[in-house]
Amino acid sequence: MAIERKVPGEIRIFLNHVYEFKKGIRNMVLYTMNKEHEAFAIQRLEKQNISYLIQEVNTNKINLFFGKAECMEAIRHIIIRPLNHLTPEEDFILGTMLGYDICQQCKRYCSKKENIKIAG
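For the sequence shown, the numbering used here begins at 35 and goes up steadily by one.
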């Protein structure tokens, strides 16, 4: 009799992101996940020679960036502070690199710049 093991939803989502990256659907991925799955994720990425960067969000969560080496090299220069403290320009670059809709990124950028102008 086979033993059925249930794969946690967070791991299934992570594995789907890896699959999409390997198939060329994405050049880069950002996935916020529970820290308890960090070792599994690192092991999988290293086994498949996928570049990655981990940013702690809090004691329980991490931001896991992974993708093409050239993307990760650029991300290492951008992600030097929490994501909610990125400049509008850094936020725009990150969103664009992640493949988000460019028009939505432009609206988001202009909104962030306007909010800075109002606050300043």
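We put the CB at the ideal spot given by N, CA and C, even for glycine.
Per DSSP, what kind of secondary structure is residue i in: helix, strand or coil?
i	result
Ile-76	helix
Ile-127	helix
His-117	In the sequence as presented, His is not what sits at residue 117; that position holds Leu. Reduced to three states, the DSSP call for Leu-117 is helix.
Tyr-53	helix
Pro-122	helix
Arg-142	helix
Within its chain, find whatever has a CB closer than 8 Å to the CB of residue i; leave out the 5 residues flanking it on each side and keep chain order.
i	result
Tyr-143	Pro-122, Glu-123, Asp-125, Phe-126
Ile-150	Pro-122
Lys-133	Contrary to the premise, residue 133 reads as Gly rather than Lys in this sequence. Closer than 8 Å at Cβ, skipping near neighbours: Arg-60, Asn-61, Met-62.
Lys-147	Pro-122
Using only the heavy atoms of the ligand NAP, determine whether one of them is closer than 8 Å to the beta carbon of residue i.
i	result
Glu-124	Of the ligands one can find in the structure shown there are none, so the ligand NAP has no counterpart to examine.
Should residue i go down as buried or exposed, given a rule of 16 or more other Cβ atoms within 10 Å for buried?
i	result
Leu-46	For the record, residue 46 in the displayed sequence is Arg; it is not Leu. So Arg-46 ends up on the exposed side.
Ignore the nearest five residues each way along the sequence and tell me which others in residue i's own chain have a CB closer than 6 Å to its CB.
i	result
Phe-99	Leu-64, Leu-87, Ile-109
Glu-54	Arg-60
Just to confirm my understanding: we take residue i, look at its own chain, exclude 5 residues before and 5 after, and list those with CB closer than 7 Å. What are they?
i	result
Asn-94	Asn-68, Lys-69
Ile-112	Glu-124, Ile-127, Leu-128
Pro-116	none
Find the nearest neighbour of residue i within the set the options, judged by alpha-carbon distance.
i	options	result
Glu-44	Ile-84, Ser-85, Ile-96, Asn-83	Ile-96
Glu-107	Gly-58, Val-91, Ile-84	Ile-84
Ala-73	Lys-56, Met-62, Gly-58, Phe-48	Phe-48
Val-91	Asn-118, Met-131, Asp-135, Lys-141	Asn-118
His-51	Cys-137, Glu-148, Gly-101	Gly-101
Glu-104	Ile-152, Ala-153, Met-131, Glu-80	Met-131
Per DSSP, what are the beta-bridge partners of residue i in this structure?
i	result
Ile-96	Met-67, Glu-90
Gly-101	Met-62, Ser-85
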